[in-house]
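Residue numbers (the numbering used here): 445 to 945. To start, the structure itself, in structure tokens.
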Amino acid sequence: MSDAAGENEIEQLRARNAALEAANASLQHRVEELLHRLYGKKAERREDDHPQLPFPGDEPEPPPPPHVDEAEDEEFETITYKRKKRGATRISKDMPRETVRVAIDEADRKCPCCGEPMEQIGEEVSERIDYMPAVVKVIETIRPKYACKHHEEAGVLTAEPPIHPIQKGMATAGLLSQVLVAKYKDHLPLYRQNRIFARHGADIPESTLCDWVRQAADMLQPVVAAMRTSVLESEVVQTDDTPVLVIDRQHQQGRRHGFLWAYVGDRAEVVFDFTAGRSRAGPARFLDGYRGILQADAYAAYDHIYATGHVVEAGCMAHARRKFVEAEKADPINVGHVLAAMRKLYFVERQAKQQSLDADGRRDLRQRESKPILEVMGPWIRELHRSVLPKSPLGKATGYAVRQWGALSRFVGDGRIEIDNNRVERQMRQVAVGRKNWLFAGSDAGGVRAAIIYSLVCTCGLLGIEPWAYFKDVLQRLAEGDAPDALTPRLWQATRNAQQS
């Protein structure tokens, strides 16, 4: 073998070794990431939120990318943590209240010095929370039948039966509401509810409970359709999606993934939409005709919506931050400076919230405080991106930030836009917790029903409405023929508040 051929083979082996090392590092990072998800802390919160942070501002400039020698001289950032105080039990003013008076007998409240009766000078009041088990009862409806004993042809006269959401079923609006809230708010699968009802003396088959959910969702669908119209009237819509297992007998594994998409508008309303797949057809159908700002992650399904020119793209800083957090162990110095800058951005957001600024005031504050941070942060991340391997954890983080920088920084120039998509992500947690309990949807139709009920349950949560009371009233009124457009949680609450004032 010639020297040239030998050197060429050595270079190939070096290149192969470098590729294997990069692949091994990527796999090691993936293993650590999965282990962290299983056993690590879920929160990424850091308590070092003091506004004076090392990147950028009046402090020294951030370090150059690692291929410059001076980067080695930077010190690690010191992070401190504060233990949260345990909160007190909160009691709603709407809870039923029973007063128990514990007084001293008149004969025992005489003064030991003079024997005169003591006078009441005040009271000591304490509160305890009691619990009464749920009551499942049978409502027996008796309708007398009347007939003329002289004229059989007059027929039989009977009062009309009371109206119920499921007219030929045994469930009242109250029981239907309990089934919906237990499954979609409290995450109790129907088979567990069957056992609970059986303990109370009502052995309701799981298939019957499932049919009740189906009929209730069908009744509530027009209400959610009205909510969708309201959401699409918003100036800014936030969206996110999450997978849900769906039973599919025709699939090789007997199951597949469907997706629940959440859309949150300006009016504290969230609407869920179920799709059998994650293609762009889902958001395109839901957002058809929308004109405004769409805040989402960088998923490609939204690109054609932005391409129409009718919808402005806004990014999610929390998504970008999460990727840097995942890369922190691989390069703590550079990632630490990016996270410090992001914390300063979030400090500005807290200032805006504490000052209750409107959209214009928030924009002005961001222009003064956040824009200078981004003007240094953006070029620095782009320079850092050129110095790292694209497939490394840091390369993926910087690549995401570089590609999405325009959308990520759009919030600075528009006070209507949030810095991140966390408002809609919080609504996805309800689905995530429920998914761990009911595990899957029985069909695509079941996914659609879940989207309907989750829309109402989560919107009730946003508005502070007790969901059982809402469902009980609305299901009964829908059965009686009330217009569904006026029964969305937001309008239902407004009507009740007006009646009580």
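Think of the CB as a built atom: it goes at the ideal place given N, C-alpha and C, for glycine as much as any other residue. These figures come from a predicted structure and were not determined experimentally.
Query	Result
Cβ-based burial, Asn941 [other Cβ within 10 Å; buried from 16]	exposed
Cβ neighbours of Gln795 in the same chain (closer than 8 Å, five flanking residues each side left out)	Leu809, Glu813
Reduced DSSP secondary structure (H/G/I, E/B, other) of Tyr914	helix
Distance, Asp710 Cα to Gly805 Cα	18 Å
Residue(s) in a DSSP beta bridge with Glu757	Leu738
When Thr842, Ala742, His594 are compared against Met821, the one with the closest alpha-carbon	Thr842
Tyr743 to Gly759 span [Cα, whole Å]	11 Å
Sequence-distant residues of its chain with Cβ nearer than 6 Å to Gly501 (five each side left out)	Any reading at Gly501 needs caution, since the residue's pLDDT is 42, under 50, leaving its predicted position unreliable; the model's value is listed next. Closer than 6 Å at Cβ, skipping near neighbours: no residue.
Nearest to His748 (by Cα), restricted to the options Asp732, Lys612, Pro837, Thr616	Asp732
Sub-9 Å separation of Gln920 and Pro609 beta-carbons	yes
Spatially closest choice to Lys537 from Glu571, Asp549, Glu563, by CA coordinates	Glu571
Which of helix, strand or coil DSSP assigns to Tyr635	helix
Contact check, Asp775 vs Pro823, beta carbons under 9 Å	no
The beta strand (DSSP E) enclosing Asp747, as first and last residue numbers	From DSSP, Asp747 is part of no beta strand (DSSP E) but of the alpha helix (DSSP H) over 747–751.
Same chain, Cβ closer than 6 Å to Leu907, five either side skipped, listed in chain order	Ala712, Pro933, Gln937
Pairwise C-alpha distance: His754 and Ala885	35 Å
Terminal residues of the alpha helix (DSSP H) in which His644 lies	No alpha helix (DSSP H) holds His644; DSSP gives it neither H nor E.
Same chain, Cβ closer than 6 Å to Gln848, neighbours up to 5 away in sequence not counted	Ala742, Gly759
Stretch pair the stretch 619–631 + the stretch 854–862: three plus CB contacts closer than 8 Å	no
Neighbour-count burial assignment, Leu457, 16 or more Cβ in a 10 Å radius	exposed
Secondary structure of Ile825, DSSP reduced to three states	helix
Buried versus exposed call for Tyr575 [16 or more other C-beta atoms within 10 Å across all chains shown]	exposed
Check whether Val435 and Tyr898 have beta carbons under 9 Å apart	Residue 435 cannot be examined here, being either before or after the span of the chain that is shown, 445 to 945.
Between the CA atoms of Val708 and Glu679 - distance to the nearest angstrom	11 Å
Asp684 and Glu869 closer than 9 Å at C-beta	yes
Same chain, Cβ closer than 8 Å to Asn452, five either side skipped, listed in chain order	none
Runs of beta strand (DSSP E) lying entirely within the stretch 889–940, each at least 3 residues, in chain order	none
Gln665 vs Ile896 beta-carbon contact at 9 Å	yes
Under the three-state DSSP convention, the category Pro561 falls into	strand
Chain D contact for Arg826 (CB, 9 Å cutoff)	Within the model displayed, chain D is absent; a lone protein chain is all it includes.
Cβ-based neighbour list, Gln659, same chain, cut-off 7 Å, excluding 5 preceding and 5 following	Ile610
C-alpha distance - Tyr790 paired with His781, whole-angstrom precision	14 Å
Sequence-distant residues of the same chain with beta carbon closer than 6 Å to Ala728, five excluded per side	none
Beta-carbon spacing of Gly613, Trp656 below 9 Å	yes
With 16 other Cβ atoms within 10 Å as the buried cut-off, status of Tyr914	buried
When Leu738, Gln798, Asp888, Glu819 are compared against Leu676, the one with the closest alpha-carbon	Leu738
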